[in-house]
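Comments concern the structure below.
Protein chains: 2
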Amino acid sequence: MTKSPIQQAEDADAFFAQPLHQFLTYRLSRVQAKLNTQAQRILSAAADISLIQWRIIALIGSCGDTHAGELTRRAALDKGLFSRNLKTLMKRGMVTSREDKADHRIAILSLTADGQALYQKVLPIMRARQRALRSAMTKSELDVLHRALDKLEIAAEKDDLDL
Amino acid sequence: MTKSPIQQAEDADAFFAQPLHQFLTYRLSRVQAKLNTQAQRILSAAADISLIQWRIIALIGSCGDTHAGELTRRAALDKGLFSRNLKTLMKRGMVTSREDKADHRIAILSLTADGQALYQKVLPIMRARQRALRSAMTKSELDVLHRALDKLEIAAEKDDLDL
DNA sequence: ACATTAAAGTTGACGGGTCAACCAATACAG
DNA sequence: CTGTATTGGTTGACCCGTCAACTTTAATGT
Chain A
144 MTKSPIQQAE DADAFFAQPL HQFLTYRLSR VQAKLNTQAQ RILSAAADIS LIQWRIIALI
204 GSCGDTHAGE LTRRAALDKG LFSRNLKTLM KRGMVTSRED KADHRIAILS LTADGQALYQ
264 KVLPIMRARQ RALRSAMTKS ELDVLHRALD KLEIAAEKDD LDL
Chain B
144 MTKSPIQQAE DADAFFAQPL HQFLTYRLSR VQAKLNTQAQ RILSAAADIS LIQWRIIALI
204 GSCGDTHAGE LTRRAALDKG LFSRNLKTLM KRGMVTSRED KADHRIAILS LTADGQALYQ
264 KVLPIMRARQ RALRSAMTKS ELDVLHRALD KLEIAAEKDD LDL
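Line by line, the protein sequences are chains A and B. Under the numbering used here, the residues of the first sequence are numbered 144 to 306, in order. Under the numbering used here, the residues of the second sequence are numbered 144 to 306, in order.
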């Protein structure tokens, strides 16, 4: 994983010209924050629900009736975060849980009628948003973006970045 | 051991049965979270400092002696967040402030000797990290990634996504 | 000059997100 | 069968990040 002198020089120029702004991680975090804000605005307008709660409803709605652990693993969601928001969703009558007969630690989760209605109402809205975001790019740009994200994700898990 | 992103993607069932996993925003937020975790790990090992505090030190170190408002505007950082972390950095003796003679609202910030030392020590480490991340991709992939981020950032600011 | 408005920074409140301690139930080893 | 380890889930603690209220000081306008 060696670097060409040219690239190093480019890095240096960019850094001293514009600290932080050109850092990949910095740009990513800003873009992600803006996308989050947008999603929250859309969700609160469409269904008066937070993003994290929408994610939980979408998980339950799309994965069928399963238990919390399965969903948090699938979505890489913190189980504490999940638990708290699930509680408020149950208070709001969007989700119900029944105990698993075989394993009493497990609660099987399902959407209530209200939860289903919300899911069916919001899902197309969020899909449309995703389409709109994608449509800002060409197909090949989108492919490269996904590939780049894969690579970044792998690099982010490395403990030693040839430091 | 955690699964690679590729394996997780292969776990995904049908396209529509797994809404979250293919959502661009979802992937972005996960990658960003992992990059953040990595940065925090590196920083806490190298200098026992948090990411936000490093950003503040890097801003002061690279922008010269300026006031808080200038830096928060430049970095799109919340001024409240900045203020609080600045306070702890001053407690730790990394930053000092002196009042501007012309405008008494303003405090001019500078790094102390300790702050400078930390800055000079950590900067190459973080720049090496950026190089390592970039080197995971080809030049053209990087270009497309930056272009895609530009477009996403613009799309994220739109109020109506043809919904 | 005085009143109004705006800017710089501090503080409080609150949700998101991570981590660890903890409890209850199950699985497992001897 | 019994003690131990593991798993599912809840709760508490803590930081990040956003938003808004508020104080102090400066700019503006009449």
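Each residue gets a CB set at the ideal place from its N, CA and C atoms; glycine is no exception. None of the values given here were measured: they were computed from a predicted structure.
- Histidine 289 of chain B sits in a helix when the DSSP states are folded into three classes.
- Under a 10 Å Cβ-count criterion, glycine 212 of chain A is classified as exposed, with fewer than 16 other Cβ atoms of the shown protein chains found around its own Cβ.
- Nearest to leucine 229 of chain B by alpha-carbon distance, out of B:Leu252, B:Ala256, B:Thr168, B:Ala298, is B:Leu252.
- Taking alanine 182 of chain A as the centre and dropping the five residues before and after it, the same chain places the C-beta of Leu194 closer than 6 Å to its C-beta, in chain order.
- Fully contained in the stretch 181–236 of chain A are the following alpha helix (DSSP H) runs of length 4 or more, in chain order: 194–206, 211–218, 222–234.
- Only residues of its own chain outside the window of five on either side were considered, and among them none has a CB closer than 8 Å to the CB of alanine 219 of chain A.
- Interface annotation, alanine 182 of chain A: in contact with chain B, CB-CB separation under 8 Å.
- With the criterion set as a beta carbon lying under 7 Å from some beta carbon of chain B, the members of the stretch 212–239 of chain A are Ala218, Ala219, in sequence order.
- Taking arginine 173 of chain A as reference, the option from B:Ser240, B:Lys301, B:Leu295 with the minimal CA-CA separation is B:Leu295.
- Contact of glutamate 284 of chain A with chain B is assigned, a C-beta pair being separated by under 8 Å.
- Taking the Cα positions, leucine 288 of chain B is about 13 Å away from lysine 282 of chain A.
- A contact is defined here as three or more CB-CB pairs under 8 Å, and the stretch 259–279 of chain A fails this definition with respect to the stretch 233–252 of chain B.
- In the three-state reduction of the DSSP assignment, alanine 250 of chain A falls in the strand class.
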